[in-house]
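In the working numbering, the protein residues as written are 63 to 221.
Have a look at the structure below, then the notes.
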Amino acid sequence: LVSIKDPQGFMKTKLARLQSEGNAVNLIRDSLDGVSFWHEDNAKPEVVSNALSWKVSKAGASILAGHPVTEGELFAASVACRGDAEVTANVHWRRNGAFDWNKPEFPIFFGEPDKAGWRRGAVAARVPVDIDELMIQCDCRADRERSAEVSEFSLIRLR
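Set out below in structure tokens:
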């Protein structure tokens, strides 16, 4: 059992190193293939720098992206947000096209805002037994008074 004092800093450093070595592949690429997006105002996300980015105001929104996986693979899921609306993100598991709620989900916790107001979060998750798809979900609870921007939505297979 290992304890990490600064999990956000650890993930940021590890992902940067793996990406510089060519050992991390972002599975959410330059399109919305395999991505489901819902927003009460019918706003669509736009792709920016290989990660999804969108603004949410006046209503709630959710984005869900899935990818086929094999038992034992290791993934990092990450997202950034800013604004005063509540934003949550989780990694879920599916088997044969259905969510498997018996497997633990992995919440993505956001760090403190940087100078531009962005809060970033990431989590590493290893694929459990009998799972064939990983799902990353991000929800934003905006309303007439609160809004948010969500960016850097990514799913990376770690090698």
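We treat Cβ as the ideally placed atom computed from N, Cα and C, and that holds for glycine.
Rounded C-alpha distance that separates residue i from residue j
{"i": "Gln81", "j": "Arg181", "result": "21 Å"}
{"i": "Arg206", "j": "Ile198", "result": "26 Å"}
{"i": "Met73", "j": "Glu102", "result": "33 Å"}
{"i": "Leu253", "j": "Trp100", "result": "The question about residue 253 has no answer, for the chain in this structure spans 63 to 221."}
{"i": "Cys202", "j": "Val141", "result": "12 Å"}
{"i": "Val149", "j": "Ala178", "result": "17 Å"}
{"i": "Gly134", "j": "Phe161", "result": "18 Å"}
{"i": "Val87", "j": "Gly122", "result": "30 Å"}
Test item: CB-CB of residue i and residue j under 7 Å
{"i": "Glu167", "j": "His154", "result": "yes"}
{"i": "Leu220", "j": "Leu89", "result": "no"}
{"i": "Ser119", "j": "Ser209", "result": "yes"}
Residue i: first and last residue of the uninterrupted beta strand (DSSP E) it sits in
{"i": "Val131", "result": "That residue, Val131, is in no beta strand (DSSP E); it is neither H nor E in DSSP."}
{"i": "Gly173", "result": "Per DSSP, Gly173 belongs to no beta strand (DSSP E) and is neither H nor E."}
{"i": "Val191", "result": "No beta strand (DSSP E) holds Val191; DSSP gives it neither H nor E."}
{"i": "Glu207", "result": "From DSSP, Glu207 is part of no beta strand (DSSP E); its letter is neither H nor E."}
{"i": "Leu136", "result": "136-145"}
{"i": "Trp155", "result": "148-157"}
{"i": "Trp180", "result": "Run containing Trp180: none; DSSP gives neither H nor E here."}
Selection from the options that minimises the alpha carbon distance to residue i
{"i": "Thr132", "options": "Ser213, Asn164, Asp194, Lys117", "result": "Asp194"}
{"i": "Val212", "options": "Ser98, Ala86, Arg156, Ile125", "result": "Ile125"}
{"i": "Asn152", "options": "Ala138, Ala204, Arg208", "result": "Ala138"}
{"i": "Gly96", "options": "Ala86, Leu114, Gly128, Lys117", "result": "Gly128"}
Exposure label - residue i; buried when at least 16 CB within 10 Å
{"i": "Arg188", "result": "exposed"}
{"i": "Gly84", "result": "exposed"}
{"i": "Ala78", "result": "exposed"}
{"i": "Val185", "result": "buried"}
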